[in-house]
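Protein chains: 2
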Amino acid sequence: MLRADEVDDMDLNERKLGILKAVIDDYIMTGLPIGSRTISKKHGIELSSATIRNEMSDLEDLGFLEQPHTSAGRIPSTKAYRFYVDRLMKVAKLNAAEANRIKSYFETRMSEIEQVIEKAAQVLSDTTHHISMILKPQLRKSVIKRIQLVKITEHKAILLVITNAGLVKDSVIVVPEGLSYDYCEMVSNLLTNKLSGKTLEDVESDLAICLIEQARTNSEFVSDILSAIETSVEPHGERGIVLGGTQNIIEYPEYMSVEKAKNFIALLETKDMLYNMMKKATKLEFSVTIGPENEAYELFDMSVVTATYKIAGKTLGSFGVIGPTRMDYAKVVSILGYVSSSLNDILSSFLETDDE
Amino acid sequence: MLRADEVDDMDLNERKLGILKAVIDDYIMTGLPIGSRTISKKHGIELSSATIRNEMSDLEDLGFLEQPHTSAGRIPSTKAYRFYVDRLMKVAKLNAAEANRIKSYFETRMSEIEQVIEKAAQVLSDTTHHISMILKPQLRKSVIKRIQLVKITEHKAILLVITNAGLVKDSVIVVPEGLSYDYCEMVSNLLTNKLSGKTLEDVESDLAICLIEQARTNSEFVSDILSAIETSVEPHGERGIVLGGTQNIIEYPEYMSVEKAKNFIALLETKDMLYNMMKKATKLEFSVTIGPENEAYELFDMSVVTATYKIAGKTLGSFGVIGPTRMDYAKVVSILGYVSSSLNDILSSFLETDDE
DNA sequence: TGTTAGCACTCGACGTGTTAGAGTGCTAAC
DNA sequence: GTTAGCACTCTAACACGTCGAGTGCTAACA
Chain R
13 MLRADEVDDM DLNERKLGIL KAVIDDYIMT GLPIGSRTIS KKHGIELSSA
63 TIRNEMSDLE DLGFLEQPHT SAGRIPSTKA YRFYVDRLMK VAKLNAAEAN
113 RIKSYFETRM SEIEQVIEKA AQVLSDTTHH ISMILKPQLR KSVIKRIQLV
163 KITEHKAILL VITNAGLVKD SVIVVPEGLS YDYCEMVSNL LTNKLSGKTL
213 EDVESDLAIC LIEQARTNSE FVSDILSAIE TSVEPHGERG IVLGGTQNII
263 EYPEYMSVEK AKNFIALLET KDMLYNMMKK ATKLEFSVTI GPENEAYELF
313 DMSVVTATYK IAGKTLGSFG VIGPTRMDYA KVVSILGYVS SSLNDILSSF
363 LETDDE
Chain Y
13 MLRADEVDDM DLNERKLGIL KAVIDDYIMT GLPIGSRTIS KKHGIELSSA
63 TIRNEMSDLE DLGFLEQPHT SAGRIPSTKA YRFYVDRLMK VAKLNAAEAN
113 RIKSYFETRM SEIEQVIEKA AQVLSDTTHH ISMILKPQLR KSVIKRIQLV
163 KITEHKAILL VITNAGLVKD SVIVVPEGLS YDYCEMVSNL LTNKLSGKTL
213 EDVESDLAIC LIEQARTNSE FVSDILSAIE TSVEPHGERG IVLGGTQNII
263 EYPEYMSVEK AKNFIALLET KDMLYNMMKK ATKLEFSVTI GPENEAYELF
313 DMSVVTATYK IAGKTLGSFG VIGPTRMDYA KVVSILGYVS SSLNDILSSF
363 LETDDE
């Protein structure tokens, strides 16, 4: 027995493929149902509308096309989009103008990962006109290289956690009065000795307790430091999703009643679902999830396209866009590809391979 | 000759005031034009609808009310909103529930001004359901206390600029190879000596040139440091406006066609106009600008309410919300008041008065 | 003199009916 | 296998009529 999609392939001859592609391309551009006459005129298919009608009727039977109502044209089904993405779509390299536009976003000198992430979210939503999502770097596995405590005033110090992915997090912490600079240096060295080579994940677990017991003196101070390191693992406790271009929902008039828009916004704001989705997306270099293929039923008429970003060949996180099923998949995928390699370049430049 | 608004006061007897207030309150709640019968029934005004009609007719002549069309009810004019804000509105203290809700936003431990600003933008848009804007701290006048360079890897160092407003900015900079820890310390001390007591604004001006000439050796390195300090003055070159809750525009159905929404979004994104507006707003502790009172003609049907935040009694910046002229001014003002004092408290806790 | 009931009038919202046009499926001819 | 022709269907757009909310005006009332 053949698998379902192989059967499809056999049923679809050259001509049907051409017509299907024409319908999808047109619908992606215009958002309007498309009729047989339009295809025979606009899309360079030298057949009469009647013939095309027959073919379209077949395509409907096969589940690739749908009719909103009797006398309207046809629109692509979810199955058609899936087929389009898998077989029909040609992902072209980004043209120079687009590529430069993206490049220009990243040209401002950035020294921290957070900054890069924010910029990436911005460039994604600006170029695709969809909502962008980025899963922040999953730093749990990154290895601590050094910990440095720098006293800046009488009561405050900055704690720098440096990992193999570069600077992870700096946070201001309160220090006991009268703490000498030398003592800070001493604590820095102690912590570096104890923790270097461990992952941030380790710090979260029992290692911390162990360490506190060792450092009897100033133990509150030390535990402050440890908890600061921990918060750097899951930043701000908000599940590490950055959204961009949520304003763009107003550009989806076909899909959005005010009521729906509100629900959708609410969905985006809880972020939990997005987090799980993006977390899963880290497993595939690219992924396209169309309409009802999404696990969240609220996304039955939205599609999600994701990619990943790496540092030194290791996947750090994922990013992508969310938009109506009628989206320009080819363009979105090529933009994601370009952004992905841009991110990889930038993040790798953060990496210090020469140390140690 | 009396001023215009004093004339208004004389013309408006107790009863007219009551009716006017009823119209405005009702319209702020419902967004629907309100008729004479509704007022006589709902708002505890013991008069027949006919009498109220006469009064409303007078109020229309005086320019306080408007009719969208002949047989609709009436809606408040810009003049009415102005009058309401100046005379009628009772700004109550925030009830405990609301106050706690705001407080909870600020409860996460925050160590940097940027973080606080982001949170504030969020809490403002969440509680008012309008779009929030915050002018980032105007740090040009803040005085440098210390500059510290911390080498973190072979090629990178973190530059900490500490001012009287606490930590201003840390940025990663590239350092020449083989730079010793001691040398970093030396440079830190040198810079602290040269620059402490100066404002960030000074650094931008000729002082910088002067210093470069002095430090002949490694002059490129030093100029890197100075430019890093400079960028901390105007962060990221994006005019220092933080927006929150831009999604909320979809909650203004009465005002927003898709076309209008797009224009408005575009307006928000250029930020230039907002920057000037917020900059001006730093001069007044509170301000309410209604519809056409705004300088930007695009805001003819929007109102802007602003307040300021301070550190040690000195105004650092302004913040506010932008929404339809039909907004609950009383509530917005009281929220802004509460957020203002919250911000002042938090920022003051950053201030180290005991040093030096 | 201020208040109110009554009434004619206005105008938008809404439902209905009609028409034009786009698109379809089917049939028969090529 | 392809296409022309035709009857049919459905929507969008417009005109029309009705309903109801709200008004202004007038006359009666306290």
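Sequences listed follow chains R and Y, in order.
Take the first sequence: its position 297, counting from 1, is numbered 309 in our numbering, and each next residue is one higher.
Take the second sequence: its position 84, counting from 1, is numbered 96 in our numbering, and each next residue is one higher.
Note that CB positions come from ideal geometry on N, CA and C, so glycine has one too.
The model shown is predicted, which means the values in this text are computed figures rather than measured ones.
Through-space distance from Asn107(R) to Asp138(R), alpha-carbon basis
For the purposes of this step, residue 138(R) is taken as residue 126 along the first sequence, with counting starting at 1. For the purposes of this step, residue 107(R) is taken as residue 95 along the first sequence, with counting starting at 1. For Asp138(R) and Asn107(R), the distance between alpha carbons rounds to 16 Å.
Note down the Cα distance separating Ser352(R) from Glu78(R), rounded to an integer number of angstroms.
For the purposes of this step, residue 352(R) is taken as the residue at position 340 of the first sequence. For the purposes of this step, residue 78(R) is taken as the residue at position 66 of the first sequence. Those two C-alpha atoms are separated by around 35 Å.
Reduced DSSP secondary structure (H/G/I, E/B, other) of Ser353(Y)
Taking the first residue of the second sequence as 1, we reach residue 353(Y) at position 341. In the structure shown, Ser353(Y) sits in a helix (DSSP, three-state: H, G or I).
Same chain, Cβ closer than 7 Å to Met6(Y), neighbours up to 5 away in sequence not counted
Because chain Y here runs from 13 to 368, residue 6(Y) falls outside it and cannot be looked at.
Using only the alpha-carbon positions, how far apart do Leu202(Y) and Ile174(Y) sit?
Against the second sequence, residue 202(Y) aligns to sequence position 190. Against the second sequence, residue 174(Y) aligns to sequence position 162. Rounded to whole angstroms, Leu202(Y) to Ile174(Y) spans 15 Å at the Cα level.
Within 8 Å of any Cβ in chain Y, is that where the Cβ of Gln134(R) sits?
As a working note, residue 134(R) is residue 122 in the first sequence. Not an interface residue.
From the DSSP output, in three-state form, read off Phe76(R) for me.
Within the first sequence, residue 76(R) is the residue found at index 64, counting from 1. In the structure shown, Phe76(R) sits in coil (DSSP, three-state: anything other than H, G, I, E or B).
Give me whichever residues DSSP pairs with Gly329(R) in a beta bridge.
The residue you call residue 329(R) lines up with position 317 of the first sequence. BP columns for Gly329(R) point to Tyr321(R).
Span of the alpha helix (DSSP H) holding Gln401(R)?
Residue 401(R) lies beyond the range of chain R shown here (13 to 368); nothing can be said about it.
What first and last residue would you give for the beta strand (DSSP E) that runs through Ala169(Y)?
By 1-based counting over the second sequence, the position of residue 169(Y) is 157. Going by DSSP, Ala169(Y) is part of the beta strand (DSSP E) stretching over 168–175.
So which residues of chain R does Ile302(Y) contact, with C-beta pairs closer than 9 Å?
Along the second sequence, one-based indexing puts residue 302(Y) at 290. Within chain R, no residue comes near Ile302(Y); the closest Cβ sits about 25 Å away, beyond 9 Å.
Status (buried if at least 16 other CB within 10 Å, exposed otherwise) for Asn176(Y):
On the second sequence, residue 176(Y) is found 164 positions in, with the first residue counted as 1. Burial check for Asn176(Y): the Cβ neighbour count within 10 Å reaches 16 or more, so the residue is buried.
In this structure, how does DSSP classify Phe298(Y) when only helix, strand and coil are distinguished?
Position 286 of the second sequence holds residue 298(Y). For Phe298(Y), the three-state secondary structure derived from DSSP is strand.
Which bits of chain Y does Ile277(R) rub up against, with CB to CB less than 8 Å?
Against the first sequence, residue 277(R) aligns to sequence position 265. Gln259, Ile262, listed in chain order.
Using a Cβ-Cβ cutoff of less than 7 Å, which residues in the same chain neighbour Val371(R) once the five nearest sequence positions on both sides are dropped?
What the structure shows of chain R is the stretch from 13 to 368, and residue 371(R) is not part of that stretch, so it cannot be assessed.
When you compare the CB positions of Val316(R) and Gly332(R), do they come within less than 8 Å of one another, or not?
Taking the first sequence and counting its residues from 1, the one referred to as residue 316(R) is at position 304. Taking the first sequence and counting its residues from 1, the one referred to as residue 332(R) is at position 320. Taking 8 Å as the Cβ cut-off, Val316(R) and Gly332(R) qualify as a contacting pair.
Please return the same chain residues whose Cβ sits closer than 6 Å to the Cβ of Val254(R), not counting the five positions on each side in sequence.
Looking up residue 254(R) in the first sequence gives position 242. The answer, listed in chain order, is Ile129, Ala133, Ile146.
Count the CB pairs spanning the segment 34–45 of chain Y and the segment 90–103 of chain Y that are closer than 8 Å, and state whether there are at least three.
Under the three-pair Cβ rule at 8 Å, the segment 34–45 of chain Y counts as touching the segment 90–103 of chain Y.
Leu355(Y), buried or exposed, once every other Cβ within 10 Å from all chains shown has been counted against 16:
Mapped onto the second sequence, residue 355(Y) falls at position 343. Leu355(Y) is buried by the Cβ-count criterion.
Short check: CB of Ile125(Y) to CB of Asp340(Y), under 8 Å?
In the second sequence, residue 125(Y) corresponds to position 113, counting from 1. In the second sequence, residue 340(Y) corresponds to position 328, counting from 1. No, these two residues do not count as a Cβ contact at 8 Å.
Starting from Lys103(Y), follow its DSSP beta bridges and name the residues at the other end.
If you number the second sequence from 1, residue 103(Y) lands on position 91. According to the sequence provided, residue 103(Y) is Val. The question's Lys does not apply to it. Under DSSP, no beta-bridge partner is assigned to Val103(Y).
Suppose you measure from the CA of Tyr350(R) to the CA of Tyr321(R); what does that come to, to the nearest Å?
As a position in the first sequence, residue 350(R) is number 338, starting the count at 1. As a position in the first sequence, residue 321(R) is number 309, starting the count at 1. Near 11 Å, if we compare the C-alpha coordinates of Tyr321(R) and Tyr350(R).
Between the beta-carbon of Glu6(Y) and the beta-carbon of Asn275(Y), is there less than 8 Å?
The structure shown does not extend to residue 6(Y), since chain Y is modelled only from 13 through 368, so no value can be given for it.
For Gly335(Y), count neighbouring C-beta atoms within 10 Å of its own C-beta (all shown protein chains included) and say buried if the count is 16 or more, exposed if not.
Taking the first residue of the second sequence as position 1, residue 335(Y) is located at position 323. With 16 or more Cβ atoms within 10 Å of its Cβ, Gly335(Y) is classed as buried.
When the distance is taken between beta carbons, is Ile237(R) closer than 8 Å to Ile156(R)?
Translated into positions along the first sequence, residue 156(R) becomes position 144. Translated into positions along the first sequence, residue 237(R) becomes position 225. Cβ distance not < 8 Å, so Ile156(R) and Ile237(R) don't count as in contact.
For Gly190(R), does the count of other Cβ atoms within 10 angstroms reach 16, so buried, or fall short, so exposed?
Position 178 of the first sequence holds residue 190(R). It counts as exposed.
Check whether the Cβ atoms of Gly257(Y) and Ser144(Y) lie closer than 8 Å to each other.
Within the second sequence, the letter at position 245 stands for residue 257(Y). Within the second sequence, the letter at position 132 stands for residue 144(Y). Closer than 8 Å, so yes.
Using three-state DSSP, classify Thr165(Y) as helix, strand or coil.
For the purposes of this step, residue 165(Y) is taken as residue 153 along the second sequence, with counting starting at 1. Coil.
If you measure between the beta carbons of Thr337(R) and Asp313(R), is that distance less than 8 Å?
What you label residue 337(R) is simply residue 325 of the first sequence in a count that begins at 1. What you label residue 313(R) is simply residue 301 of the first sequence in a count that begins at 1. In terms of Cβ geometry, Thr337(R) and Asp313(R) form a close pair [threshold 8 Å].
Outcome for Asn25(R) when other beta-carbon atoms lying within 10 angstroms are tallied against a minimum of 16:
Here residue 25(R) is taken as the residue at index 13 of the first sequence, counted from 1. So Asn25(R) counts as exposed.
Does DSSP classify Lys148(R) as helix, strand or coil?
Here residue 148(R) corresponds to residue number 136 of the first sequence, with the count starting at 1. Looking at Lys148(R) - three-state DSSP - the assignment turns out to be coil, as it is neither helix nor strand.
Quick one: what's Thr211(R) bridged to in DSSP?
Here residue 211(R) refers to the residue found at position 199 when the first sequence is read from its first residue. Per DSSP, Val155(R).
Can you pull the chain Y neighbours of Val162(R), defined as C-beta to C-beta under 9 Å?
For the purposes of this step, residue 162(R) is taken as residue 150 along the first sequence, with counting starting at 1. The contacting residues are Gln160, Val162, Ile170, Leu172.
Cβ-Cβ distance between Ala324(R) and Glu297(R) below 8 Å
The residue given as residue 324(R) occupies position 312 in the first sequence. The residue given as residue 297(R) occupies position 285 in the first sequence. Judged by their CB atoms, Ala324(R) and Glu297(R) are not nearer to each other than the 8 Å cut-off.
Which residues, in chain order, does the segment 87–107 of chain R contribute to contact with chain Y at a C-beta distance below 7 Å?
Within the segment 87–107 of chain R, not one residue has a Cβ closer than 7 Å to any Cβ of chain Y.
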